[in-house]
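A.B. asks: What follows is a single structure, and I will ask about it in a moment.
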Amino acid sequence: MRKDPFASRQYIITGGFLVIGLIFWIRLMFLQVIDDTYKQYADRNATREITQYPSRGLIYDRNEKLLVVNEAVYDLMIIPRQVKDIDTAEFCRLVQITNAQYEEYYEKARSFSGYKPSVFISQISKQDYAYLEEKLFRFPGFYVQPRTVRKYPFPLAAQTLGYVGEVSGDHIANDSWYKAGDYIGINGLESTYEKELRGKKGVKIVLVDVHNREKGPYQDGDLDTVAIKGNDLVTTLDIELQRYGEFLMQNKKGSVVAIEPATGEILTFVSSPGYDPNLLVGRIRNKNYKLLRQDINKPLYNRASMATYPPGSAFKLLNAAIAIEEDVINQYTRHSCNGPESKPIRCTHYHETPLGPVVAIRESCNPFFWNIFKDILNKYDDPRDGFNVWRKYVLSFGMGSTFSTDLFSERPGNVPQAEYYDKYFGLGHWNALTVRSLSIGQGELLLTPMQMANLVAAIANKGYFIKPHFVKRIDKATGQPSSISPQFPRVDTDISPESFDLVIEGMDQVVQNGTGRFYAKVDSIRICGKTGTVQNPHGEDHSVFIAFAPKENPKIAIAVVVENSGYGSTWAAPVASLIIEKYLTGKITREALEKRISEAVFIETEQQEDEE
């Protein structure tokens, strides 16, 4: 029997269809059951993941007055792949940008990612958002995301609080928490406590229609996570004292740092000239930052913990304490002074002679402090060994190093090493006479105002200090207060408490009967202080004053530096005494002095620079 060739062909064709059908069935099962890539792609085109940004933690002063709050703004987001067939000219009119800006922003977003959302225009105001929201559905690929920016109720303490800005590529590379367009603390407490303040992000997934409009939660919101607000900071600052300090230092270059001796809490931290922290908020931040950078008086520079100066005569207090501790002097020690005719260091004026340590501090007698410095170094067989002993005492007060607490930016200053003099003069070719300027706080010795304030706090405590810091406590988002851990440590200096008695008596005499009696004395408060006039090779001398009060059970220790103003007793001392009076009594009894200080000008203006 002959086979039908058409039947065989029919089997082949039927088999081919079955094989093709089986392949399609297997592929369909793979897509539906095993590989959900296309499902995810479809979901992404029907849903949108919106990052829920937490409210940043608030910042308070020591009396729980709000220093930093949040204000709602909106970011215009873009997903470049979804931007199709839009009227670019109309869109630019809507968001108030040029076509060139549109191209620039779009390319920046596309180079970041075609699929991932990024910020197209940041920090749109509530008013602009309300207008934009009604029309944005016509522009697929764009949506608005709520955010918050910082607002400062007090235009003060900018150097302490810091500011917030957009993350850089380095931030993103170093911390996976951040994405493009996120904000981060740039400096100050905003940076130091960034991880406490930033909170925890959440995610909301919403359904969107073909016009990119939200249609409700995805899966009833079961996959959403809630953002958790950042922790609040309660700082050590007294904002009213800060306000007063900035008022007195207006139109001046310099610093005021005040510390509570018993706790190390920083009460006020003035770097002058300063700026209103609100200038570095919002879309005008970059413009204002550029203007501040160009200001000849450097308002962005944190003088209080970054500027370094020879401490001048204020340092004589520490040299006296070291000499007492080393048994080089006591209450009966006397040295002679020939006034301006003295050698190798002359005195600034004639006074009683011979004199002991208390009167020497009161009169700020240069020859007395030269003699005791020489005796400290010459007590040892090699003056180099004596110098190293002296230096060890100085370092124990926190000089020559940073405090490494929550101060965002600080310099260590300089306490010269013996090796420096070995290199400069030659090993064995220098002695006390060679480095005599250190005896009166000059020469290579450099301190920050923060270190000067800490020095006088340690004297007030008779030999110890708590490392200075800005934050009293952190209030968790749950509302439960929690102390900072670890606690800021107590540091015991190398000088025993009894070695400070004569020093403190001398400081008391400075204000009652010495160089500070005219402008540092307050009838109702026993202030202990020391003036200093710091030589400045680039212009007028700097005015310095350090003090604590009251004499018994001190509540405030303060250092003031007024650059290019002259004598410490004339300018820095009254600033300090007015702040002390304000803090301890809540009022000012010397209005004429307050007026003279607040109206004084020791600052360069653009006009002055042009004239020069």
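Just so you know, the sequence shown maps onto residues 429 to 1040 in our numbering.
No residue lacks a Cβ here, since even glycine has one placed at the ideal position from N, Cα and C.
Owing to the predicted nature of the structure, the values given are computational and were not obtained by experimental measurement.
For the beta strand (DSSP E) that S699 lies in, which residues bound it at each end?
C.D. replies: 693-700
A.B. asks: Roughly how many whole angstroms lie between the Cα atoms of Y559 and A500?
C.D. replies: 16 Å
A.B. asks: Buried or exposed: where does A517 fall if 16 or more other Cβ atoms within 10 Å of its Cβ makes it buried?
C.D. replies: With fewer than 16 other Cβ atoms inside 10 Å of its own Cβ, A517 counts as exposed.
A.B. asks: Are the CB atoms of A885 and A735 nearer to each other than 7 Å?
C.D. replies: no
A.B. asks: Hey, L930 and V1029 are a contact pair by Cβ (cut 8 Å); roughly how many whole angstroms apart?
C.D. replies: Their Cβ separation, rounded to whole angstroms, is 39 Å, which puts L930 and V1029 out of contact at 8 Å.
A.B. asks: Check each candidate in G767, V497, M935, V950 and name the one with the smallest Cα separation from A749.
C.D. replies: M935
A.B. asks: So the beta strand (DSSP E) E642 belongs to, where does it begin and stop?
C.D. replies: It spans 642-645 - the beta strand (DSSP E) in which E642 sits, taken as one unbroken run.
A.B. asks: Return the CA-CA distance between I1006 and R1018, expressed in angstroms with no decimal places.
C.D. replies: Going by the sequence as given, residue 1006 is Leu instead of Ile. Distance between the alpha carbons of L1006 and R1018 is about 8 Å.
A.B. asks: State the beta-bridge partners of H970 as determined by DSSP.
C.D. replies: V962
A.B. asks: Please report the residue range of the beta strand (DSSP E) in which A987 lies.
C.D. replies: 984-990
A.B. asks: Could you tell me the distance, in whole angstroms, from the CA atom of A732 to the CA atom of L805?
C.D. replies: Each residue's Cα considered, the two are about 32 Å apart.
A.B. asks: State whether the region 514-530 contacts the region 578-585, with contact taken as three or more CB pairs (one from each stretch) at a distance under 8 Å.
C.D. replies: no
A.B. asks: Helix, strand or coil, according to DSSP, for N730 in the structure here?
C.D. replies: coil
A.B. asks: Below 7 Å between beta carbons: does that hold for A742 and I974?
C.D. replies: yes
A.B. asks: My parser needs the beta strand (DSSP E) runs of 3 or more residues fully inside the region 881-931; what are they?
C.D. replies: 892-894, 899-903, 909-911, 918-920
A.B. asks: Distance, Cα to Cα, Y760 vs P782?
C.D. replies: 11 Å
A.B. asks: Over what stretch of residues does the beta strand (DSSP E) that includes A500 continue unbroken?
C.D. replies: 494-506
A.B. asks: According to the Cβ coordinates, are D660 and G826 closer than 7 Å?
C.D. replies: no
A.B. asks: Grab me the residues of Q529's own chain with a C-beta within less than 8 Å of its C-beta, minus the 5 sequence neighbours each way, in chain order.
C.D. replies: Hits under 8 Å: C520.
A.B. asks: Taking 8 Å as the threshold, find out whether the region 702-715 comes into contact with the region 878-896 through three or more Cβ pairs.
C.D. replies: Verdict: no, contact absent.
A.B. asks: Ordered along the chain, which non-local residues of its own chain (more than five positions away) have a Cβ less than 6 Å from that of T830?
C.D. replies: E838, P840
A.B. asks: For R521, decide whether its Cβ has a neighbour in chain B, counting only Cβ atoms nearer than 7 Å.
C.D. replies: The question asks about chain B, but that chain is absent: this structure has only one protein chain.
A.B. asks: Please go through the same chain and pick out, in chain order, the residues whose beta-carbon is closer than 7 Å to the beta-carbon of D969, but skip the five residues on each side of it.
C.D. replies: So the qualifying residues of the chain are T961, V962, Q963, G994.
A.B. asks: What are the boundary residues of the beta strand (DSSP E) that includes E550?
C.D. replies: Reading the sequence as shown, one finds Ser at residue 550 and not Glu. Residues 546-552.
A.B. asks: Once you ignore the five residues that flank R918 on each side, which residues in its own chain have a CB closer than 7 Å to its CB?
C.D. replies: Y892, I894
A.B. asks: Output the distance between the C-alpha atoms of S700 and S683, rounded to the nearest integer angstrom.
C.D. replies: Linking S700 to S683 through their CA atoms gives a straight-line distance of about 6 Å.
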